[in-house]
Ligand SMILES: Nc1ncnc2c1ncn2[C@@H]1O[C@H](COP(=O)(O)OP(=O)(O)OP(=O)(O)O)[C@@H](O)[C@H]1O
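Residue numbers (the numbering used here): 1076 to 1429.
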């Protein structure tokens, strides 16, 4: 188990981390997800021992490691910009962490060669052992970086936007591959990403960060289905955020009353695009007009204009869409199937749209 307790870190007067606590169980792959500047890399560097916290502790497998040097922590790293040694072959890059060991800690040459061959096989680069980094594609270099990090058999693997510099297709392949590799080797890993799709697809647990604080920790399904704060709601996936007011257990959305057991106050109603149903115009539901239809592979996004100047994003399956028989400019009725309210930071409360 890897643990950070009450970590605070300032850069000058700026607080980059504010009382952050986190546990990473053995064998789990955890994503630190958040916008730029939220403190993800700072937390990773503190875990690694590359930076020291102002307050708080790092505990690795039950032993306090806060003051320990990076090289004594048994941690492997992979960074966004493949920091491979340009003058060394792929095999020598992978062997590096073992060959620099001193005295009896250094395995015999034959053992190093055996491990390098096994790692090359693992990252599917067996034919490329003698190449130099400049003779590899970006995705291949990241796989070498990963093999190099794994060579020393780290107890924890840290990855900072490992696929950030790669194009979308390679990125997708590599993240599937990382997930498989993780499952096969039973690694404990923490990776930084600002890409919510990557976090949801790859991680066992996602830690959502904002402004140096943890907003929520949960499985991908938990943070998507039960966002704990307005920030998490907005950050994960598309969402319609509708400002409104709760009064006496009712909020008014598009001229219709929605029951909600929340306290009175200024509120935001969150509705995911796939939680909105469309139908033929009728008196019972709010009316809207179709502004734009975009076919995005298996789903269709429909942008709606509502009378009071609000816009709504709706998502429907291709099948559901074709049954609607709508076009740009069509009038439709809008059914909010699920609405969740936050009053200030408090919430969420489920709305009852009837
Ligand atoms: N060495 C430093 N000196 C001063 N400020 C720093 C330093 N390192 C980080 N910061 C600041 O701390 C904040 C958090 O940075 P951090 O790199 O942890 O964010 P991040 O969530 O990883 O962002 P990104 O996704 O852009 O890498 C940022 O506002 C950054 O400017």
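Yeah, the Cβ is synthetic: ideal placement off N, Cα and C, and Gly gets one too. From a predicted model like this one, the values you see are computed outputs, not experimental measurements.
- A distance below 9 Å separates the beta carbons of residue 1365 and residue 1379.
- Residue range 1165-1174 is occupied by the alpha helix (DSSP H) that includes residue 1165.
- In this structure, residue 1091 sits away from residue 1109, with a CB-CB distance that is not shorter than 9 Å.
- Around the beta carbon of residue 1138, a 10 Å sphere encloses fewer than 16 other beta carbons of the protein chains shown; the residue is thus reported as exposed.
- Under the Cβ criterion (8 Å, minimum of three pairs), the stretch 1344-1359 counts as touching the stretch 1384-1400.
- Judged by beta-carbon spacing, residue 1160 lies beyond the 9 Å limit of residue 1229, meaning their Cβ atoms are not closer than that value.
- Distances from the CB of residue 1110 to the heavy atoms of ligand 1 include at least one below 8 Å.
- Inclusion of residue 1413 and residue 1314 in the CB contact set at 9 Å is not warranted, their separation being larger than that value.
- Judged by DSSP secondary structure, residue 1394 falls within the alpha helix (DSSP H) whose first and last residues are 1393-1399.
- Beta-bridge annotation (DSSP): residue 1408 is paired with 1354, 1362.
- C-alpha of residue 1410 to C-alpha of residue 1191: approximately 59 Å in a straight line.
- In this structure, the C-beta of residue 1089 approaches ligand 1 to less than 8 Å from one of its heavy atoms.
- If you look at residue 1151, you'll find it isn't in any alpha helix (DSSP H); it sits in the beta strand (DSSP E) that goes 1150-1153.
- DSSP, read as helix, strand or coil, puts residue 1132 in strand.
- Using a C-beta cut-off of 8 Å, the stretch 1215-1227 makes contact with the stretch 1138-1152, since at least three inter-stretch Cβ pairs fall below that distance.
- In the three-state DSSP reduction, residue 1117 falls in the helix class (H, G or I).
- Taken through DSSP and simplified to helix, strand or coil, residue 1090 comes out as strand.
- For residue 1163, the CB stays at least 8 Å from every heavy atom of ligand 1.
- Residue pairing by DSSP puts residue 1369 in a beta bridge opposite 1376.
- Distance from the CA atom of residue 1089 to the CA atom of residue 1368, rounded to whole angstroms, is 44 Å.
- Cβ-Cβ distances below 8 Å link residue 1250 to 1238, 1273, 1276, 1277 in the same chain, with the five nearest sequence neighbours on each side left out; the list follows chain order.
- Between the stretch 1319-1335 and the stretch 1285-1297, the count of Cβ pairs shorter than 8 Å is below three; the stretches do not touch.
- Remark: C-beta atoms of residue 1079 and residue 1118 approach each other more closely than 9 Å.
- The C-beta distance from residue 1194 to residue 1215 rounds to 14 Å, too long to meet the 8 Å contact threshold.
- In this structure residue 1168 is buried. Its beta-carbon is surrounded by 16 or more other beta-carbon atoms within 10 angstroms.
- Closest by C-alpha distance to residue 1177, out of 1203, 1189, 1146, is 1146.
- Per DSSP, residue 1158 lies in no alpha helix (DSSP H) and is assigned neither H nor E.
- Straight through space, the alpha carbons of residue 1102 and residue 1076 are spaced by roughly 9 Å.
- In the three-state reduction of the DSSP assignment, residue 1191 falls in the helix class.
- One Cα belongs to residue 1133, the other to residue 1162, and the distance between them is close to 35 Å.
- Around the beta carbon of residue 1116, a 10 Å sphere encloses 16 or more other beta carbons of the protein chains shown; the residue is thus reported as buried.
- For the set 1220, 1305, 1252, 1211, the Cα lying nearest the Cα of residue 1172 is the one of 1220.
- Residue 1268 places its beta carbon less than 9 Å from that of residue 1107.
- With fewer than 16 other beta carbons inside 10 angstroms of its own, residue 1386 counts as exposed.
- Residue range 1305-1310 is occupied by the alpha helix (DSSP H) that includes residue 1309.
- Ligand 1 never approaches residue 1156 closely enough for any of its heavy atoms to be under 8 Å from the residue's Cβ.
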